[in-house]
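Keeping their order, the protein sequence lines are chains C and B.
Just so you know, we're using my numbering here: the first sequence kicks off at 1 and counts up by one.
Just so you know, we're using my numbering here: the second sequence kicks off at 364 and counts up by one.
Built from N, CA and C at the ideal position, the CB exists for glycine as well.
Down below is the structure, laid out as structure tokens.
Number of protein chains: 2
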Amino acid sequence: MKRKATITDVAKAAGVSKGLVSFALNDRPGVSPETRDRILGVARDLDYRPSVSARSLSTSTSYAVGLVIARDPEIISADPFFPSFIAGVERVLLTEGRTLVLSVVGDDDHEATVYRTLAAGQRVDGVFLTDLRRDDPRIPMLQELGLPAVTLGHPGTGQMGTGGPGAGDPGTGQPGAGEANPFPSVSLDDTPGTVAAVRHLLDLGHRRIAHVIGPHAMLHASRRRAAFEATLRDAGLEPDPALVVETDFTAAQGAAATTALLERADPPTAIVFGNDPMAIAGLGVAHERGLTVPGDLSITGFDDSELARYVYPSLTSVRTDPLRWGEAAARTLLRLVADGHAADVDLDPAHLVVRTSTGPVRA
Amino acid sequence: MKRKATITDVAKAAGVSKGLVSFALNDRPGVSPETRDRILGVARDLDYRPSVSARSLSTSTSYAVGLVIARDPEIISADPFFPSFIAGVERVLLTEGRTLVLSVVGDDDHEATVYRTLAAGQRVDGVFLTDLRRDDPRIPMLQELGLPAVTLGHPGTGQMGTGGPGAGDPGTGQPGAGEANPFPSVSLDDTPGTVAAVRHLLDLGHRRIAHVIGPHAMLHASRRRAAFEATLRDAGLEPDPALVVETDFTAAQGAAATTALLERADPPTAIVFGNDPMAIAGLGVAHERGLTVPGDLSITGFDDSELARYVYPSLTSVRTDPLRWGEAAARTLLRLVADGHAADVDLDPAHLVVRTSTGPVRA
DNA sequence: GAGGGTCACTGAACCGGTATAGCTTCGTAC
DNA sequence: GTACGAAGCTATACCGGTTCAGTGACCCTC
């Protein structure tokens with residue numbers, strides 16, 4: 001293994017100053033075409049690659065972006081959202097020569113430390129802010145740190161985009177309409193998907209519909225809950241709080257929630273789950289108890305993971321396209337870092353994919 | 364947002380030279396206890412954090428390790444192995460102040476480029492080598508690049524550890540026993556798990572057992588196949604090549620393979636799947652065709668993901684503990700980077716977790 | 001009380017890039 | 001024929017750490 005070529009080596013070999021090599025490589029004006037070609041040729045011959053740390057040091061740029069995931073390892077592995085999202089992010093970063101610095105922290109305490117470390121150590125130029133929480137403390141913190149960020153969804157209204165057509169969403173409102181999002185957001189409005197799922201069940205005749213949601217602290221959970229309840233009210237039904245169960249998104253809690261719901265004196269005839277793993281676990285519990293799906297119980301998932309299509313019965317789910325979400329978020333973050341600003345992006349809203357886990361309520 | 368404090372600020376504030384500050388912070392001898400305390404105090408007051416790029420530049424160390432995943436985004440999101448593995452890696456890195464640089468590349472062409480870029484740009488100090496392939500070209504490449512690496516499993520014999528007790532493994536042998544692994548390996552012998560799965564099915568009376576495996580090019584696929592076939596032979600059965608189906612690890616191909624197997628004139632009575640998503644998809648196909656599991660068909664998975672416990676019927680699977688694997692791999696890689704060498708690690712071998720997707724063959 | 005050794009500390013070089021002021025050289029305008 | 005401007009290039013400072021040779025001060029020893 002021979003020593004790596006530095007910019008000085010290239011300069012010497014090309015018979016110019018290293019400043020000029022820098023100019024040529026970053027194609028800036030002030031270099032004659034012939035010299036530029038010669039320099040580029042020499043660089044190629046020497047297999048020269050600029051040192052990222054040296055470049056970072058002089059430009060105060062790290063050429064990397066960060067993703068901090070504050071969820072239990074268990075949950076991450078079960079929920080296909082993040083892997084897909086990351087894949088989308090990578091797809092963009094790769095073409096731009098940036099890298100992704102990933103941090104998985106179990107609990108929230110460490111989370112703040114991680115952001116501080118990333119920011120202070122100049123490890124990353126910007127970060128993605130996922131799983132937004134109510135009055136998310138990370139937003140002022142990142143502002144104070146001066147670390148650019150892109151939020152997944154609007155902090156004010158969860159992932160609400162420009163407003164789901166006709167969704168209403170009277171539950172969440174704009175809490176503190178004054179506090180605008182200081183960061184660009186990339187949103188995929190999941191309200192229409194939730195609404196469609198509930199309407200679909202209503203159309204099938206269901207009246208006792210349960211909702212198994214994610215952690216209350218996460219904005220999208222409360223937003224989806226609001227959409228869920230608003231849709232019921234639109235149909236003239238009063239939502240029953242006892243039919244809303246909060247979980248941590250794991251299959252284990254999805255199963256437990258299903259069991260609890262089915263053991264009630266007046267069990268629901270349909271359950272809307274907050275993600276696919278929980279829905280699949282719910283499917284298992286139903287079978288276990290001798291219920292048929294969708295005969296005795298209809299079930300819907302969320303995110304439309306690959307497996308949804310292949311379980312039995314195939315799972316009606318809400319498609320959110322995390323891959324595209326990751327791509328859009330990455331593009332927005334890179335633009336923000338480069339230009340100092342970037343426009344909000346609204347992706348195609350989530351929509352319902354009807355399969356065979358939902359059916360008419362038993363007469 | 365005020366400017367970040369540099370080592371020079373600390374030095375000035377403490378009234379010493381910056382060299383001494385560096386010594387104090389990296390607690391090296393040659394600093395009096397009082398001075399050290401004073402410096403550390405000042406550093407804390409100023410909320411000083413060393414710049415990673417500056418440090419990287421002078422030490423030629425990036426304080427980051429890399430993981431390159433060369434699988435389709437689709438597959439990664441379906442297969443819980445990598446998320447868990449990454450979570451394990453993170454758990455260790457976090458305590459050591461290192462970060463993980465992740466790269467997801469769809470196809471193998473880009474893979475080489477990514478390694479070269481990571482190495483040449485001094486982006487990472489070392490990498491994890493996953494999904495080892497037969498005569499893996501990445502090994503000589505990394506050697507040539509001088510980039511430290513840790514392999515998941517032995518390149519010679521797949522993930523074989525010190526040899527599963529009594530497993531025999533006459534199929535794989537040591538191909539080219541001369542080519543030792545230049546890198547330390549962290550292995551989790553999955554042969555005992557495979558053997559146990561097949562034995563379990565044989566004990567239940569199954570004779571026509573199919574095997575749905577991962578890509579042939581990946582070492583663990585061929586190793587598991589060998590273990591599978593050896594176990595059949597031990598029982599006096601001749602393996603039927605038609606009952607071995609190669610897939611890309613996606614649920615889609617798992618479903619397709621199951622369909623193909625069940626449409627044969629002499630369908631298998633049990634199927635051993637290479638991962639859980641495929642097994643779950645297989646479960647779905649069986650149900651779809653009106654078969655009961657395990658009455659008409661027994662099914663086993665691999666990796667024992669969280670969902671395995673919650674599908675119906677609950678999935679008999681082989682537990683491999685990717686989380687612990689990640690932790691061990693990270694520790695080994697850090698040691699390798701720090702000391703220049705590290706010992707191979709053999710984790711507890713995979714073992715079978717029997718649930719309800721396997722049962723006696725129908726009389 | 002001079003020589004030797006240790007300890008605490010300083011100052012400057014260095015890592016490999018980028019940024020910029022300044023120096024040639026040449027062409028053109030008046 | 002001199003002045004001026006621009007193009008092309010060089011030299012050097014700088015980013016923020018680490019490393020190491022060197023400098024005093026102090027103690028010990030004979």
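Please report the Cβ distance between residue i and residue j, rounded to the nearest whole angstrom; I am assuming they are in contact, meaning their Cβ atoms lie under 8 Å.
i      : j      : result
C:I39  : C:A24  : 4 Å
C:T231 : C:V195 : 5 Å
C:A251 : C:I280 : 7 Å
C:A149 : C:V127 : 5 Å
C:T191 : C:A217 : Rounded, the Cβ-Cβ distance is 19 Å, inconsistent with contact.
C:P349 : C:D189 : 4 Å
C:S317 : C:V353 : 6 Å
B:L430 : B:G516 : So it is not a contact: roughly 15 Å between Cβ atoms.
C:R370 : C:T269 : Because chain C here runs from 1 to 363, residue 370 of chain C falls outside it and cannot be looked at.
B:P547 : B:A427 : Wrong, their Cβ atoms sit about 19 Å apart, outside the cutoff.
B:P640 : B:D442 : 6 Å
C:P241 : C:R233 : 13 Å between Cβ atoms; not a contact.
B:V455 : B:V708 : So it is not a contact: roughly 13 Å between Cβ atoms.
C:V212 : C:T247 : 6 Å
With a cut-off of 7 Å, does the C-beta of residue i fall near any C-beta of chain C?
i      : result
B:L420 : yes
B:I662 : no
B:A483 : yes
B:A417 : yes
B:L465 : yes
B:T369 : no
B:D372 : no
B:R401 : no
B:R497 : no
B:T525 : Residue placement at B:T525 cannot be trusted, given a pLDDT of 38 that sits under 50; the coordinates are not used to answer.
B:H761 : What is shown of chain B runs 364 to 726, which leaves residue 761 of chain B out entirely.
B:A692 : no
Around the C-beta of residue i, are 16 or more other C-beta atoms found within 10 angstroms, so that it is buried, or is it exposed?
i      : result
B:G658 : exposed
B:N389 : exposed
B:A628 : exposed
B:P723 : exposed
B:E507 : exposed
C:T258 : buried
B:G378 : exposed
C:S60  : exposed
C:F235 : The displayed chain sequence assigns Ala, not Phe, to residue 235 of chain C. It counts as exposed.
B:T458 : exposed
C:G156 : buried
C:L132 : buried
C:D203 : exposed
C:D37  : exposed
B:G536 : Note that B:G536 scores 37 on pLDDT, short of 50, meaning its location in the model is unreliable and no value can be drawn from it.
C:P182 : exposed
C:E327 : buried
Please confirm if residue i has its CB atom under 7 Å from at least one CB of chain B.
i      : result
C:A221 : no
C:A350 : no
C:V369 : The first residue shown for chain C is 1 and the last is 363, placing residue 369 of chain C beyond what the model contains.
C:T99  : yes
C:G126 : no
C:E111 : no
C:T172 : At C:T172, the pLDDT of 37 sits below 50, so the modelled position is not reliable and the matter cannot be decided from this model.
C:L261 : no
C:A256 : no
C:R324 : no
C:E34  : no
C:I76  : yes
C:R123 : yes
C:E288 : yes
Q. Taking three-plus beta-carbon pairs below 8 Å as touching, is the stretch 79 to 87 of chain C in contact with the stretch 46 to 64 of chain C?
A. Using a C-beta cut-off of 8 Å, the stretch 79 to 87 of chain C makes no contact with the stretch 46 to 64 of chain C, since fewer than three inter-stretch Cβ pairs fall below that distance.
Q) So, do the stretch 448 to 459 of chain B and the stretch 648 to 656 of chain B have three or more beta carbon pairs nearer to each other than 8 Å? A) No, the stretch 448 to 459 of chain B is not in contact with the stretch 648 to 656 of chain B.
Q: Note down, one range per segment and in chain order, each alpha helix (DSSP H) of at least 4 residues found wholly within the stretch 262 to 322 of chain C.
A: Taking 4 residues as the minimum length, the alpha helix (DSSP H) runs contained wholly in the stretch 262 to 322 of chain C are 276 to 288, in order along the chain.
Q: May I ask you to verify whether the stretch 110 to 121 of chain C touches the stretch 132 to 144 of chain C, counting CB pairs closer than 8 Å and requiring at least 3?
A: Because the criterion of three Cβ pairs below 8 Å is met, the stretch 110 to 121 of chain C and the stretch 132 to 144 of chain C touch.
Q. Counting only runs that start and end within the stretch 193 to 277 of chain C, where is the beta strand (DSSP E) found for 3 or more residues in a row?
A. As far as the stretch 193 to 277 of chain C is concerned, its whole beta strand (DSSP E) runs of at least 3 residues are 209 to 213, 244 to 246, 270 to 273.
Q. Is the number of C-beta pairs between the stretch 692 to 705 of chain B and the stretch 668 to 683 of chain B that are closer than 8 Å three or more?
A. Below 8 Å, too few C-beta pairs join the stretch 692 to 705 of chain B and the stretch 668 to 683 of chain B to call them touching: fewer than three.
Q. Where are the alpha helix (DSSP H) runs, 4 residues long or more, that stay fully inside the stretch 40 to 103 of chain C, in chain order?
A. Listed in chain order, the alpha helix (DSSP H) elements of length 4 or more contained wholly in the stretch 40 to 103 of chain C are 52 to 59, 73 to 78, 81 to 96.
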